[in-house]
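To keep things clear, I will list the structure first and then write my remarks on it.
There are 2 protein chains.
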Amino acid sequence: MHPADHLCERVAATGAATCVGLDPVVERLPAAVRPSDPLDARSCAEAIERFSVGVVDSVHDLCAAVKLQAACFERYGAPGFAAMERVLARARQSGVAVIFDAKRGDIGISAEHYANGARALGAHWTTINGYLGSDGIEPFLANGQGAFALVRTSNPSGDALQALRLADGRSVAEAVADMIASLGASSVGGSGFSSLGAVVGATKSAEIAALRARMPHAIFLVPGYGAQGGTADDVRAAFTRGDQGALITASRSVIYPQSGGGDWRAAIRAAATQFAAEIRAIAGGRA
Amino acid sequence: MHPADHLCERVAATGAATCVGLDPVVERLPAAVRPSDPLDARSCAEAIERFSVGVVDSVHDLCAAVKLQAACFERYGAPGFAAMERVLARARQSGVAVIFDAKRGDIGISAEHYANGARALGAHWTTINGYLGSDGIEPFLANGQGAFALVRTSNPSGDALQALRLADGRSVAEAVADMIASLGASSVGGSGFSSLGAVVGATKSAEIAALRARMPHAIFLVPGYGAQGGTADDVRAAFTRGDQGALITASRSVIYPQSGGGDWRAAIRAAATQFAAEIRAIAGGRA
Chain A
1 MHPADHLCER VAATGAATCV GLDPVVERLP AAVRPSDPLD ARSCAEAIER
51 FSVGVVDSVH DLCAAVKLQA ACFERYGAPG FAAMERVLAR ARQSGVAVIF
101 DAKRGDIGIS AEHYANGARA LGAHWTTING YLGSDGIEPF LANGQGAFAL
151 VRTSNPSGDA LQALRLADGR SVAEAVADMI ASLGASSVGG SGFSSLGAVV
201 GATKSAEIAA LRARMPHAIF LVPGYGAQGG TADDVRAAFT RGDQGALITA
251 SRSVIYPQSG GGDWRAAIRA AATQFAAEIR AIAGGRA
Chain B
288 MHPADHLCER VAATGAATCV GLDPVVERLP AAVRPSDPLD ARSCAEAIER
338 FSVGVVDSVH DLCAAVKLQA ACFERYGAPG FAAMERVLAR ARQSGVAVIF
388 DAKRGDIGIS AEHYANGARA LGAHWTTING YLGSDGIEPF LANGQGAFAL
438 VRTSNPSGDA LQALRLADGR SVAEAVADMI ASLGASSVGG SGFSSLGAVV
488 GATKSAEIAA LRARMPHAIF LVPGYGAQGG TADDVRAAFT RGDQGALITA
538 SRSVIYPQSG GGDWRAAIRA AATQFAAEIR AIAGGRA
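From first to last, the protein sequence lines stand for chains A and B. Take the first sequence: its position 32, counted from the start at 1, is 32 in this note's numbering, and no numbers get skipped. Take the second sequence: its position 28, counted from the start at 1, is 315 in this note's numbering, and no numbers get skipped.
Have a look at this one:
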């Protein structure tokens, strides 16, 4: 199935244009799943796997997608990579849309290898970096896969390159947006959205609206809501209409909820429910 | 030891400002190391490990560095990642400078995880993508590590973004070069070179010379020589003087030499020797 059509179906089925980000860090795990030896890579990998499986099982029916941060697993070498395989397989099996947040970017056979690797992992989507141009993007759209390319990021130093002004008046981020819109035009599904989406941080709503106009068929993957300072107006600007065309992500605020004791999985489930309700209140869509 | 000082010592010791790229592809392996089952990931991972270890053992004293393409190993999942760990450990142990060609790029704790992961793998250097600004670069310079940031790539679509002209007259690649020069200024070693280097494809010598002037303390990692069309003039422009300041890489022309039969390791050793001699003839340096 076309990855954008699949994602739109997920949003419709769950009523939640949300993505739960899995960025597991050993130091923040609930006591019940902490590693027996925090200095041992295998023990840490097992712990983040237990935690991640618990998160997937707790939220898969409450969000359109889950996004797994590759760095958190790669950190622990081959045992971490094996844990990542099992978590992604579990997510894929649950029916949720699966985003491999790896920010890969290479060319030729290397890009093909990364794309095939992501497919073998069970990812519907991979996040990618388009600095190398179409050679670094198109391989990630083969075989029915989808990709979210970094366009505008919300980190403090994101401006250093992305906000530079070109001679033709566009910002660098807008030039990347035009490239993404052009490359994605040939892979628009029945939903009206392309298998090439864009990562657009929830920073300034005026900028998000301008990028939305440049990429009418791209699904926006929007980090930065809540903890990182994104507001309701920022989020609203990312959608095409209602709850269509954007996927708002939250990681820490959902997977490390501030609850006083009790079952950690229930607390995460409550946080994912609350997150979906917040986005629904902003964007509309079915409750 | 400072990674740039280490690399300069390696160039002096081997008389070869060269890097052998390990991009193993199952279809091109010598008959002696092909996988027993080319459709099985574990069998393929074992085959590329046998091959890669053979390449490292054959070339480590003939080149300053080896560069391992992460995608070729990630392609085969956890068994591929485990193979990559062993190949990198072997390379590290041999004394050659080790470059993890992963083109990673993320921010915050994720960037720290990638950097720590690369260190655990034994890499002296990691290739990175600077689209996210300093947040995506500085973590890779911690703990005595070095990084090569993508500045100008030689692939056909590299121009799409990198050659765009800014309002201030610079190209996007030149703006990235200025960012790299600025971020790397505080980590210059006794050799006069920074632990933050630059990937600059061997495309046009005039462009390379302009980037060289903007990044006087950056070691240039230069792919694209030979097979991809880079010329002697292109290569010469990357060095600061003599054989200083650049590392010319070749992958396919060395690891898949066109020789008629015989010992594949001897053929690779001969190709690495020939490659070093070519670069020495262009750049000078001790024979």
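Here a beta-carbon is modelled for each residue, glycine too, at the ideal position from N, C-alpha and C. As the structure is a computational prediction, the values presented were derived from the model and not from experiment.
Does any residue of chain A bring its CB to less than 8 Å from the CB of Asp393(B)? yes
Worksheet item: By Cβ distance, which residues of its chain are closer than 6 Å to Phe220(A), with the 5 residues on each side in sequence left out?
Response: Ala198, Val200, Ala238, Ala246
> Skipping 5 residues on each side, what residues in its chain have a beta carbon closer than 8 Å to that of Pro544(B)?
Replying inline: Ala554, Ile555, Ala557, Ala558
**OP:** Taking only heavy atoms of the ligand MG into account, decide whether any of them is closer than 7 Å to the Cβ of Cys306(B).
**Re:** This structure does not include the ligand MG; it has no bound ligands of any sort.
8 Å is my cut-off, CB to CB: does Gln145(A) come that close to chain B?
no
Compare the C-alpha of Ile467(B) against each of Ala250(A), Ala160(A), Lys103(A) and name the closest. Ala160(A)
Report task. Would you list the residues sitting across from Trp551(B) in a DSSP beta bridge? Result -> In DSSP, Trp551(B) forms no bridge with anything.
Where Met371(B) falls, given that 16 or more other Cβ within 10 Å makes a residue buried
buried
- Do you know how far the Cα of Gly341(B) is from the Cα of Gly433(B)? 26 Å
Notebook entry, point to check: Can you list, in chain order, the stretches of the beta strand (DSSP E) that have 3 or more residues and sit fully within the segment 339 to 365 of chain B?
Noted result: 352 to 356
Limits of the beta strand (DSSP E) - the one that Leu470(B) falls within = First-last for Leu470(B): 459 to 471, but that is the alpha helix (DSSP H), not the beta strand (DSSP E).
Note to self: As a quick exercise: from Ser195(A), His113(A), Ala123(A), Glu27(A), pick the residue whose alpha carbon is nearest that of Met215(A).
What the structure shows: Ser195(A)
- prompt: Which term fits Ala464(B), buried or exposed, when burial requires 16 or more other beta carbons within 10 angstroms of its beta carbon?
  reply: buried
Suppose you measure from the CA of Ala505(B) to the CA of Phe480(B); what does that come to, to the nearest Å?
6 Å
My output table needs one value for Thr127(A): the three-state DSSP class, helix, strand or coil. strand
I'd like to know if Gln69(A) contacts chain B, where contact means its C-beta is closer than 8 Å to some C-beta of that chain.
yes
Q.
For a test of the three-state rule: what should DSSP assign to Asp40(A), helix, strand or coil?
A. coil
- Message: Tell me the rounded alpha-carbon separation between Thr127(A) and Ser154(A).
- Response: 15 Å
Point to revise | Identity of the residues DSSP links to Thr490(B) by a beta bridge | key: Its beta-bridge partners do not exist; DSSP assigns none.
Inset, instruction - Answer yes or no: does any C-beta atom of chain B fall closer than 8 Å to that of Leu7(A)? - result: no
Inset, instruction - Output, in chain order, the set of chain A residues within a Cβ distance shorter than 7 Å of Pro443(B). - result: Asp135
Do you know offhand how far Val522(B)'s Cα is from Lys354(B)'s? 18 Å
Inset, instruction - Would you mind reading off the limits of the beta strand (DSSP E) that contains Asp520(B)? - result: Not the beta strand (DSSP E): Asp520(B) falls in the alpha helix (DSSP H), residues 519 to 525.
- Query: Residues in its own chain within less than 7 Å of Gly224(A) by CB, not counting five upstream and five downstream?
  - Reply: Ser154, Gly201, Ala202, Thr203, Gly230
Reducing DSSP to helix, strand and coil, say where Ser157(A) ends up. helix
In chain order, what residues of the segment 43 to 65 of chain A put their CB closer than 7 Å to some CB of chain B? none
| task | Identify the contact partners of Arg362(B) in chain A, using a Cβ-Cβ distance below 8 Å as the criterion. | result | His113, Tyr114, Asn116, Gly117, Ala120
Between which residues of its own chain and Leu164(A) is the CB-CB distance below 6 Å, once the five residues before and five after are set aside? Val172
Are the segment 341 to 352 of chain B and the segment 321 to 328 of chain B touching, with three or more C-beta to C-beta distances below 8 Å? no
Inset, instruction - Pull up the DSSP beta-bridge partners for Thr249(A), would you. - result: Cys19(A)
Would you identify the three-state DSSP class for Ala481(B), choosing helix, strand or coil?
-> According to the sequence as given, residue 481(B) is Ser; it is not Ala. Reduced to three states, the DSSP call for Ser481(B) is strand.
Name the chain B residues that come within less than 8 Å of Glu85(A), Cβ to Cβ? Gly364, Ala365
For the segment 459 to 489 of chain B, which residues have a beta carbon sitting closer than 7 Å to at least one beta carbon of chain A?
Val459, Ala462, Val463, Met466
Q. Quick one: Cα of Gly284(A) to Cα of Asp23(A), how far?
A. 28 Å
How is Ile424(B) classed by DSSP in three states: helix, strand or coil? coil
- Query: On the three-state DSSP scale, how would you describe Val11(A)?
  - Reply: helix
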